[in-house]
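*Asks:*
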Amino acid sequence: MPFINISSIINGMSIKQRTVDNRFEGRITVNGIRKSFYGGTKAEVRRKAKEYLQKVENGYRDPQKIVLNDYIEYWLTTYKLNKIEPSSYTRLYSVFNCQIKNTLGTRMIGNITTADIQKFIDEHANPPDDAIKPLALSGLKRILHLLRPCMEMAVTEGIIYKNPCDNVQLPVESCIQTNTKVQTTLNDVEIAEFKEAALAKWNNNEYRSRDAIVLLIILNLGLRVGEAIALEWDDVNLEENIVYINKTVQSNIRNFSDVGNAQYVKVKSSTKTQAGVRVLPLNDTIVDYFNILKEYDLRNGIRSQYVCTTKTGKMKNARNLQRSLDRVMQNTHINKKVTLHTLRHTFGSTMLRRGVNIEVVSKLMGHANITITYTKYIHVIQEQKAKAMKTIAIC
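At position 329 of the sequence shown (counting the first as 1) the number is 525 in this note's numbering, and the numbers step up by one without a gap.
#1: Would you kindly check if the distance between the Cβ of residue 267 and the Cβ of residue 355 is under 8 Å?
#2: Between residue 233 and residue 226, is the Cβ-Cβ spacing less than 8 Å?
#3: In terms of alpha-carbon separation, which member of 540, 335, 365 lies closest to residue 312?
#4: What is the DSSP secondary structure of residue 511, counted as helix, strand or coil?
#5: So for residue 282, helix, strand or coil by DSSP?
#6: Count the other CB atoms within 10 Å of the CB of residue 494; is the residue buried (16 or more) or exposed (fewer)?
#7: Relative to the alpha-carbon of residue 390, which residue among 277, 411, 398 has its alpha-carbon at the smallest distance?
#8: With a threshold of 16 other CB atoms inside 10 Å of the CB of residue 564, please say whether the residue is buried or exposed.
#9: Per DSSP, which residues does residue 232 bridge with? Please list them.
#10: Do you know offhand how far residue 299's Cα is from residue 231's?
#11: Count the other CB atoms within 10 Å of the CB of residue 357; is the residue buried (16 or more) or exposed (fewer)?
#12: Look at the Cβ atom of residue 200, then the Cβ atom of residue 253, and state whether they are nearer than 8 Å.
#13: Contact check, residue 276 vs residue 288 under 8 Å by CB: the rounded distance?
#14: If you follow the beta strand (DSSP E) that residue 202 is in, where does it begin and where does it stop?
#15: I think residue 481 touches residue 416, with their Cβ atoms under 8 Å apart; what is that distance to the nearest whole Å?
#16: What's the C-alpha gap between residue 248 and residue 205?
#17: Who are the near neighbours of residue 418 in its chain, counting only those whose CB is closer than 7 Å to its CB and skipping five residues on each side?
#18: Give me, in chain order, the residues of the same chain whose beta-carbon lies closer than 6 Å to that of residue 396; leave out the 5 immediate sequence neighbours on both sides.
#19: Over the uninterrupted alpha helix (DSSP H) stretch that includes residue 314, give me the two end residues.
#20: With respect to the beta strand (DSSP E) encompassing residue 476, which residues constitute its N-terminal and C-terminal limits?
#21: Compute the distance between the beta-carbons of residue 534 and residue 380, then report whether it is under 8 Å.
Structure, rendered in structure tokens:
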């Protein structure tokens, strides 16, 4: 930043009184930028000009000259990188790269208004043409989760004077073109059919799929995908019939220190949330599944520290585990799109349908708080209330 002789500029500033409103106006040019200052007195004009020049001397850039993309990149690197989970940072950067970088991000930060951001949100809720990708409510929320704190930091750093995200409203779901994806669950009949397909054997009496047994464990324990993949045999105590859920796998993380931003997998020595670290009891059925895996590995010469493993003993990845689930589903008559998360969601729904207290279900699933459980399973709770009402006759 070139040296600025503030006193010389202030003394040389021309100040004139406007005939329109009798206010005084002073004009200066700094770094090629022409600025005007207004006040009721000449002293007020000089004071405002001096404050501006002092900011410029300290590295301030006029917001009309800062591209939003540049500031977001700076904000992400300075305030988020290596300060939040790598998986969270990857998702945050993905929102910037996919939704903002080639659209709103090309504009100057000082020119972006609340109306601009509201229009940006509304157009992604209900695109006026095919050039804009429609987003569900969760996608719209992610845009504001990036823009709002980023703009707030710009306010804190004196780049802009007001956060344009403050009064932006998210449309209600009924006003959004893309509906929020409803998670599928399996009912009791479908669970029984899934179990039968998962335990199917070849003519040589060997199980068709080792992964299918792992899928039954996920279903019966309500594990997150990352928790199941990270589960080690040292976490399974078959003498006391308990399993320790104390780590998870974070997949598809971008390495931002690498030139090509290559993706990698990380084993996190804790679960998704603090409440996710838990000790789960094992009933006889689940103990049998673990023993089936041990015996399978012994027969087939598989040695691994992981419960969810490849034939060579390496950690399984979520994509291949989903493929195994797809193959199991092909041997059923269940006409639903079933994902690995469907198994976890089925666990929670089934527990509630069978009368298990929601607080217990929340703890078994490792939710951060019971509100999350209520929100995710409100449909099941409403179904149970409806059934209860049918059995009640007050008079």
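Even glycine gets a Cβ: it sits at the ideal position worked out from N, Cα and C.
*Replies:* On the basis of the coordinates in this document:
#1: Taking the sequence shown and counting its residues from 1, the one referred to as residue 355 is at position 159. Taking the sequence shown and counting its residues from 1, the one referred to as residue 267 is at position 71. Between residue 355 and residue 267, the CB-CB gap stays under 8 Å.
#2: The count along the sequence shown starts at 1 and reaches residue 233 at position 37. The count along the sequence shown starts at 1 and reaches residue 226 at position 30. In this structure, residue 226 does not lie closer than 8 Å to residue 233 by Cβ.
#3: Numbered from its first residue, the sequence shown carries residue 312 at position 116. Minimum Cα distance to residue 312 is reached at 365.
#4: The residue given as residue 511 occupies position 315 in the sequence shown. Residue 511 falls in the strand class under three-state DSSP.
#5: On the sequence shown, residue 282 is found 86 positions in, with the first residue counted as 1. Residue 282 sits in a helix when the DSSP states are folded into three classes.
#6: One-based indexing of the sequence shown puts residue 494 at position 298. In the assembly as shown, residue 494 is an exposed residue. Its beta-carbon has fewer than 16 other beta-carbons within 10 Å.
#7: Indexing the sequence shown from 1 puts residue 390 at position 194. When C-alpha distances from residue 390 are compared across 277, 411, 398, the shortest belongs to 411.
#8: Along the sequence shown, read from residue 1 onward, the residue named residue 564 stands at position 368. With fewer than 16 other beta carbons inside 10 angstroms of its own, residue 564 counts as exposed.
#9: If you number the sequence shown from 1, residue 232 lands on position 36. DSSP, once it has assigned bridges, lists 223 as partnering residue 232.
#10: In the sequence shown, residue 299 corresponds to position 103, counting from 1. In the sequence shown, residue 231 corresponds to position 35, counting from 1. Taking the straight line from one Cα to the other gives about 28 Å.
#11: Residue numbering aside, residue 357 sits at position 161 when the sequence shown is read from its first letter. So residue 357 ends up on the exposed side.
#12: One-based indexing of the sequence shown puts residue 200 at position 4. One-based indexing of the sequence shown puts residue 253 at position 57. In contact: residue 200 and residue 253 (Cβ atoms closer than 8 Å).
#13: For the purposes of this step, residue 276 is identified with residue 80 of the sequence shown, where counting begins at 1. For the purposes of this step, residue 288 is identified with residue 92 of the sequence shown, where counting begins at 1. Yes, they are in contact, since the Cβ atoms of residue 276 and residue 288 sit about 6 Å apart, within 8 Å.
#14: Translated into positions along the sequence shown, residue 202 becomes position 6. Not the beta strand (DSSP E): residue 202 falls in the alpha helix (DSSP H), residues 202-208.
#15: Locating residue 481 in the sequence shown gives position 285, where the first residue counts as 1. Locating residue 416 in the sequence shown gives position 220, where the first residue counts as 1. Distance from residue 481 to residue 416 at the Cβ level is roughly 7 Å; contact confirmed, criterion being Cβ atoms closer than 8 Å.
#16: As a first step, residue 248 is located in the sequence shown; it is residue number 52 there, counting from the start. As a first step, residue 205 is located in the sequence shown; it is residue number 9 there, counting from the start. C-alpha of residue 248 to C-alpha of residue 205: approximately 12 Å in a straight line.
#17: Position 222 of the sequence shown, counting from 1, holds the residue named residue 418. Answer for residue 418: 540, 543, 544, 560, 561, listed in chain order.
#18: As a working mapping, residue 396 is identified with position 200 in the sequence shown. Excluding sequence neighbours, residue 396 sits near 404.
#19: By one-based count along the sequence shown, residue 314 stands at place 118. Residue 314: member of the alpha helix (DSSP H) spanning 310-321, first to last residue.
#20: Mapped onto the sequence shown, residue 476 falls at position 280. Run containing residue 476: 474-477, per the beta strand (DSSP E) assignment.
#21: As a working note, residue 534 is residue 338 in the sequence shown. As a working note, residue 380 is residue 184 in the sequence shown. Here residue 534 is near residue 380, since their CB atoms are less than 8 Å apart.
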